[in-house]
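Residues 73 to 394 in our numbering are what the sequence shown spells out, letter by letter.
Notes follow the structure.
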Amino acid sequence: MNATLLAVALSLVSAAAYAAAAVAQSRLAGRTDPATGVLRLLGRGAWWSAVGLNAAGALLHVAALNFGPLTLVQPLGALTLVVAVPLGARAAGRRVGRTEWRGTALTLLGLGALLLTAGGSAPHQTLSLPEALGVGAATMAVVAGLSRPGARPGLRHAAASGITSGVASALTQTLTVAVTDHSGGPLFSWRLLTVALLVSAFAMGGLLLSQTAYRGGLGAPLAVVTLANPVAAAAIGLALLGERLQGGPVSLVLALLGAAAAVRGVLLLSRAQARNTDPDAPAGAPAPGDQVPSRVVIGSPRRAQAPPPAGVPDPVPARASG
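Right, dumping it as structure tokens:
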């Protein structure tokens, strides 16, 4: 099988695993008290199920990075949101809405345009030790800035999660290419050990950040993660790994149009999912924003009256004269 087709196939299965993990994390976050620390989740089976799905998606993603460049593999990560739409709807016991289908179609069209301009050659360049350390330091500085207290913590944590996951993918590609290509240097070196430690730290950090981001729902945080991930990875690939978009100005215009369509599709999906009720809400519960009367009076007005004050006798109805 062609290396590019194999990278695409592995990325598709990886996106499905990541989508199932995102739905599981969102449902777990909806059942967890916001005051509960993230570390307390380690004792829950649902958390480890999500970790297992994320691990499966990560392994498939690593395999895809061994056969395709970052500019090809990372945009396919947006399919995680597309797969999560029907999975989330099924978990919530509802149908996929028209706006969600429109967002899915736009996302797929945008991805198709981006894939036409992505480089198709297998990766061969790797990050040096100073480059890996510089990327790690810059990522930690950005994550620290996004994690500060302030407005919209869910979206900021989602952006930090997407950035750390994208950087972890770029570092993972350096690790896999160096290990499989023995001509690039010794198998065990300080460079590879440092990159492996950075990959582990950023992968776990991205997982924990996404768990805190999903406390506000699935749609909008997952959309931010989906957009931030390929942007961070593609920036490293284009700036440090010598990756290029194939084609001339026409391909660049096509890539911009595809990116605009994908962003529009992701925004539609996030808005549609933000309007949906919590999948863990009990049946018959009012949707967010519904107005519920403060008191419902059933029966006659006399029954709805408050009891007389203490010490005051109940009024006695007058007898009818006869």
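All residues carry an ideal CB built from backbone N, CA and C; glycine is no exception.
Here the alpha carbons of His-196 and Thr-244 stand approximately 13 Å from one another. Counting the other CB atoms within 10 Å of its CB gives Leu-183 a total of 16 or more, which places it among the buried residues. Our two residues, Leu-340 and Leu-313, have alpha carbons roughly 33 Å apart in a direct line. Taking 8 Å as the cut-off, the beta carbon of Ala-232 is found closer than this to the beta carbon of Leu-281. Contact annotation: Val-207 and Val-155 have beta-carbon atoms that are not nearer than 8 Å. When rounded, the separation of the alpha-carbon atoms in Arg-99 and Arg-170 is 23 Å. By the neighbour-count criterion, in which a residue is buried when 16 or more other Cβ atoms sit within 10 angstroms of its Cβ, Arg-287 is buried. If you draw a straight line from the Cα of Leu-84 to the Cα of Ala-135, it is about 12 Å long.
In summary, Arg-167 is exposed, with fewer than 16 beta-carbon neighbours lying within 10 Å of its beta-carbon over all protein chains present.
If you look at Ala-204, you'll find it in the alpha helix (DSSP H) that goes 201-218.
For Glu-172, the uninterrupted alpha helix (DSSP H) segment begins and ends at 170-189. Between Asn-301 and Gly-234 a beta carbon distance of about 4 Å is seen, short of the 8 Å cut, so the two are scored as contacting. Pairing Asn-126 with Ala-275, the inter-Cα distance amounts to about 10 Å. A distance below 7 Å between beta-carbons, with the five flanking residues on each side excluded, links Ala-91 to the following residues of its chain, in chain order: Thr-152, Val-155, Ala-156, Leu-159.
As the crow flies, the alpha-carbon of Trp-120 is around 31 Å from that of Ile-308. Membership of Leu-148 in any alpha helix (DSSP H) is not indicated, and neither H nor E is assigned to it by DSSP.
Taking the Cα of Val-145 as reference, the smallest distance to any Cα among Val-322, Leu-290, Ala-79 is reached at Ala-79. The C-beta separation of Gly-278 from Ser-237 comes to about 4 Å, placing the pair in contact by the 8 Å criterion.
The straight-line gap separating the alpha-carbon atoms of Ala-89 and Leu-186 is approximately 22 Å. The C-beta of Pro-202 has fewer than 16 other C-beta atoms within 10 Å across all chains shown, which makes the residue exposed. If you compare the alpha carbons of Val-338, Asn-74, Ala-242 with that of Pro-293, the shortest gap goes to Val-338. For Leu-290, there is no enclosing alpha helix (DSSP H), since its DSSP letter is neither H nor E. When the alpha-carbon of Gln-318 is set against those of Pro-141, Arg-162, Thr-298, Thr-176, the nearest one is in Pro-141.
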